[in-house]
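K.L.:
When we follow the working numbering, the leftmost residue of the sequence shown carries the number 442, and every step to the right adds one.
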Amino acid sequence: MPTDPQTRSDDELLGQFRARKRLALARAISIVENTRPGFQRLLHELHTEQGNAQRIGLTGPPGAGKSTLTSRLAAEFRKLDEQVGIVAVDPSSPFTGGALLGDRIRMNNISTDPGVFIRSMAARGSLGGLATTTNEVADLMDAYGCARVLLETVGVGQSELEIAGAADTTVVVLVPESGDSIQAMKAGLMEIADVFVINKADRPGADRLAQEIEVMLHMRLGDGSPAAAGHHGVSMRSVGKAARERSRAVAEEQGAWAIPVIKTVGQSGEGIDELVRTLDRHAVYLRESGELSRRRQARLAERVRAVVERQLKMLAWVDGRGEEMLEEALPALESGAESPYTVAARIVRAMGLETP
């Protein structure tokens with residue numbers, strides 16, 4: 442029985458992808474990002490071929506130098522002859538919904554390297570949600586053979602925190618000026634950070650911010666003494682050092698990861714070698730502790746939920762009559778003859794589902 446044109450096209454793309462044709466990776470990402478026909482089959486076929494890449498998320502406030510840091514990391518990994526994938530989540534253009542190419546421009550020193558693949562993605566609303574699509578693009582880079590996949594986000598909002606969940610290792614990047622807002626941000630950051638980086642550490646305030654973070658990390662382990670000391674004339678430098686040493690000792694005793702605070706200067710490359718060593722150490726810790734398996738299982742479970750939600754949305758708004766029914770109901774909605782809930786229930790029933 443002859444195969445249909447779509448299947449033949451998919452098979453050709455898969456063959457080129459597995460032959461490591463760079464253009465095939467670009468095409469595959471476009472198909473997945475735009476949920477074009479065949480995108481789910483493509484991801485399904487490649488599912489067992491990914492899982493080898495270390496996925497590193499970099500998040501933090503705008504202006505922290507994440508793109509420069511990402512570029513430096515990619516260059517270091519290339520020295521090890523590793524292929525690197527970069528997913529740079531850009532702000533959307535309010536007119537086109539597309540990704541601005543600021544990250545690509547800032548990374549122009551590595552963008553011509555054939556061993557580096559950079560994809561800018563728009564932080565726009567989509568049927569699948571940004572976190573889901575980012576995960577799927579990272580899957581493709583992983584299956585393509587990238588040893589490291591770097592996921593860079595634009596800030597520390599909810600979507601960025603979700604994207605951090607796509608990573609095996611999450612790096613929170615701050616700058617000395619972040620000190621004033623660290624208290625406000627600390628709850629979310631403490632939950633996701635595996636490594637703290639203070640970038641632009643040649644600026645005033647870098648040492649103090651490092652010490653504040655180290656004290657906060659130690660407080661998280663349950664010993665509140667360092668916090669009070671910092672307000673009674675005791676040097677924050679000595680408090681931070683003591684907190685760091687105690688935190689490491691407690692973490693080692695519990696078999697946990699002691700979150701490090703690393704100072705870097707992205708422009709000059711200072712501290713990048715230490716960051717690379719730390720990322721490698723964390724990869725070893727994740728594997729040996731079983732945490733990598735736990736994180737990836739949680740990620741896969743969340744993916745299934747997201748894919749179900751996306752398929753339901755497509756069934757309602759793309760494949761079904763949802764938009765048409767909504768347009769027809771707008772006058773009744775405006776007049777009050779109907780409520781959003783009765784219209785929604787009718788659309789759900791048209792999908793062949795029962796409303797609760």
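Note that beta-carbon positions come from the ideal geometry of N, C-alpha and C, so glycine has one too. Please read these numbers as outputs of a predicted model, since none were measured by experiment.
If you draw a straight line from the alpha carbon of T783 to that of E453, how long is it in whole angstroms?
P.N.:
The alpha-carbon atoms of T783 and E453 are separated by roughly 46 Å.
K.L.:
Is the stretch 572–588 close to the stretch 704–715, with three or more CB pairs under 8 Å?
P.N.:
Taking 8 Å as the limit for Cβ pairs, the verdict is that the stretch 704–715 does not touch the stretch 572–588.
K.L.:
Do the CB positions of I788 and V702 come within less than 8 Å of each other?
P.N.:
Contact flag unset, no.
K.L.:
Leaving aside the five residues before and after E474 along the sequence, list all residues of the same chain whose C-beta is less than 7 Å from its C-beta, in chain order.
P.N.:
Cβ within range, chain order: M562, T574 and V578.
K.L.:
Where R740 and A607 are concerned, what is the direct C-alpha to C-alpha distance, given to the nearest angstrom?
P.N.:
In a straight line, the C-alpha of R740 is about 7 Å away from that of A607.
K.L.:
As a quick exercise: from E743, V725 and L716, pick the residue whose alpha carbon is nearest that of A516.
P.N.:
Nearest of E743, V725 and L716 to A516, Cα basis: L716.
K.L.:
Among the candidates S776, K641, A572 and E593, whose CA atom is the shortest distance from the CA of G707?
P.N.:
When each option's Cα is compared against that of G707, the closest is K641.
K.L.:
Take Q495 and list the residues in its own chain whose beta-carbon comes closer than 8 Å to its own, dropping the five residues that flank it on each side.
P.N.:
The answer, listed in chain order, is A588, R589, V590, D609, T610, L720 and A724.
K.L.:
Taking C-alpha atoms, which residue in L487, I472 and P446 lies nearest to G456?
P.N.:
Of L487, I472 and P446, the residue nearest in Cα terms is L487.
K.L.:
For Q524, count neighbouring C-beta atoms within 10 Å of its own C-beta (all shown protein chains included) and say buried if the count is 16 or more, exposed if not.
P.N.:
By the 10 Å Cβ count, Q524 comes out buried.
K.L.:
Are the beta-carbon atoms belonging to A757 and M792 less than 8 Å from one another?
P.N.:
Yes, the Cβ-Cβ distance between A757 and M792 is below 8 Å.
K.L.:
Cutting at 8 Å between CB atoms, please list the residues of its own chain near Q447, excluding the five before and the five after it.
P.N.:
P478 and G479.
K.L.:
Give the straight-line distance between the Cα atoms of L727 and A699, rounded to the nearest whole angstrom.
P.N.:
Computed Cα separation, rounded: 12 Å.
K.L.:
Put M562 into one of helix, strand or coil per three-state DSSP.
P.N.:
M562: strand per DSSP, three-state reduction.
K.L.:
Give the range of the alpha helix (DSSP H) segment to which I703 is assigned.
P.N.:
Here I703 belongs to no alpha helix (DSSP H); instead the beta strand (DSSP E) covers V702 to K704.
K.L.:
The beta strand (DSSP E) that contains L466, what's its start and end?
P.N.:
No beta strand (DSSP E) contains L466, which is instead part of the alpha helix (DSSP H) from R463 to E474.
K.L.:
Which residue wins for smallest C-alpha separation from A786, given the options T796, E775, E779 and R737?
P.N.:
It is T796.
K.L.:
Hey, quick one: how far does the alpha helix (DSSP H) through Q738 stretch, first residue to last?
P.N.:
Taken as a continuous stretch (DSSP letters only), the alpha helix (DSSP H) holding Q738 covers E732 to K754.
K.L.:
Per DSSP, which one or two residues make a beta bridge with G526?
P.N.:
Answer is F558 and V590, bridged to G526.
K.L.:
Could you pull the DSSP bridge partners for T575 from this structure?
P.N.:
None, per the DSSP bridge assignment.
K.L.:
Mind checking who L658 pairs with in its DSSP beta bridge?
P.N.:
None, per the DSSP bridge assignment.
K.L.:
Do the CB positions of V636 and V612 come within less than 8 Å of each other?
P.N.:
For V636 and V612, yes; Cβs fall inside 8 Å.
K.L.:
Which residues share a DSSP beta bridge with F637?
P.N.:
Bridge partners of F637: V613 and V702.
K.L.:
Whose C-beta lies closer than 7 Å to the C-beta of L733 among residues of the same chain, with five residues either side of it excluded?
P.N.:
Same-chain partners within the cutoff: D609 and L727.
K.L.:
According to DSSP, E711 sits in a beta bridge with which residue or residues?
P.N.:
Answer is V706, bridged to E711.
K.L.:
Measuring CA to CA, which of E593, M657 and S619 is closest to P645?
P.N.:
Residue S619 is the option with its Cα nearest to P645.
K.L.:
Please name the residue in R762, P772 and S780 whose C-alpha comes closest to that of R790.
P.N.:
Of the candidates R762, P772 and S780, the one whose C-alpha sits nearest the C-alpha of R790 is R762.
K.L.:
Which residue from L464, A465, S471 and Q481 puts its Cα closest to that of V748?
P.N.:
Taking only the C-alpha atoms, the option nearest V748 is Q481.
K.L.:
Would you identify the three-state DSSP class for G498, choosing helix, strand or coil?
P.N.:
G498 falls in the strand class under three-state DSSP.
K.L.:
With a threshold of 16 other CB atoms inside 10 Å of the CB of A634, please say whether the residue is buried or exposed.
P.N.:
Under this definition A634 is a buried residue.
K.L.:
Rank M755, G492 and T705 by C-alpha distance to the C-alpha of L650 and give the top, closest one.
P.N.:
Checked all of M755, G492 and T705; the closest Cα to L650 is T705.
K.L.:
Output the distance between the C-alpha atoms of T509 and R722, rounded to the nearest integer angstrom.
P.N.:
Cα to Cα, the separation comes out at about 22 Å.
K.L.:
Give the range of the alpha helix (DSSP H) segment to which G763 is assigned.
P.N.:
Unbroken alpha helix (DSSP H) run through G763: G763 to S776.
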